[in-house]
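As C-alpha cells, the structure follows; a few thoughts come after it.
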Amino acid sequence: MKANADITVAMIHPPTWENDGEVFPVTDPIPVEEWLEKVSGPGWDLEALPDDGLIAGGAFDGGHVIMVHNEEEDNTFLFAVPPEAIPLTQVLIPEDQYQALLSRTPRLSTLAGR
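Following the working numbering, the numbering of the sequence shown begins with 452 at its first residue and continues without gaps.
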C-alpha cells in the first residue's frame, strides 16, 4: 500500500460523472491528508455514493466517488478517492455507509495482500 503522503484525491466534474461515469478532475490532485484535514472540520459532511460510485479505470481505478457537502456555504462537491484512501475516511462517513463502501471496494483486499 502507498504511504499516505503519496495518496491523492481530486475534485471532479459532477455532470461528467453523473452522465458518463467518467472521472474528470476540475482541480489538481491534492494529498489525501490535506483533503481529510479540510473536510473533517465543522460544517462538512461526507457521504458514500450508492452502488454507482465505483471508479473503473484511470488514476483512481478501484476507488470511489465520495460526495462532500459544506453546510455553511451549502455547496456539494464530488471527489475521486483511490481505494487506498477509503480506510482513512472511516471516521468521517456514517458507519453503515462506510461498511457498504468497504464491501464495494474489491481492490482493498488486494492492496492489503489478502
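For each residue, glycine too, the CB sits at the ideal point set by N, CA and C.
Residue i vs residue j beta-carbon contact at 8 angstroms
i: G494; j: N521; result: yes
i: V460; j: V483; result: yes
i: E498; j: I544; result: yes
i: V474; j: I506; result: yes
i: L397; j: W468; result: Beyond the ends of the chain as shown, which are 452 and 565, falls residue 397; an answer cannot be given.
Closest residue to residue i among the options (Cα-Cα distance)
i: H515; options: N455, T556, T459; result: T556
i: I458; options: P538, M518, E473; result: P538
i: F511; options: G472, E498, D547; result: G472
i: G513; options: T540, L487, L553, E485; result: L553
i: T540; options: T478, N470, K489, E469; result: K489
i: D496; options: T478, T527, Q550; result: T527
i: P480; options: A456, A551, S491; result: A456
i: G492; options: G509, I517, E523; result: E523
Identity of the residues DSSP links to residue i by a beta bridge
i: T459; result: P482
i: P545; result: P545 pairs with nothing; no bridge assigned.
i: P476; result: I463
Whole-angstrom C-beta distance between residue j and residue i, which should lie under 8 angstroms
i: P476; j: A531; result: 7 angstroms
i: P442; j: L559; result: Residue 442 lies beyond the residue range present for the chain, which begins at 452 and ends at 565; the question has no answer from this structure.
Legend entry - Within the segment 487–538, ranges of the beta strand (DSSP E) (whole runs, at least 3 residues): 495–499, 515–521, 526–532
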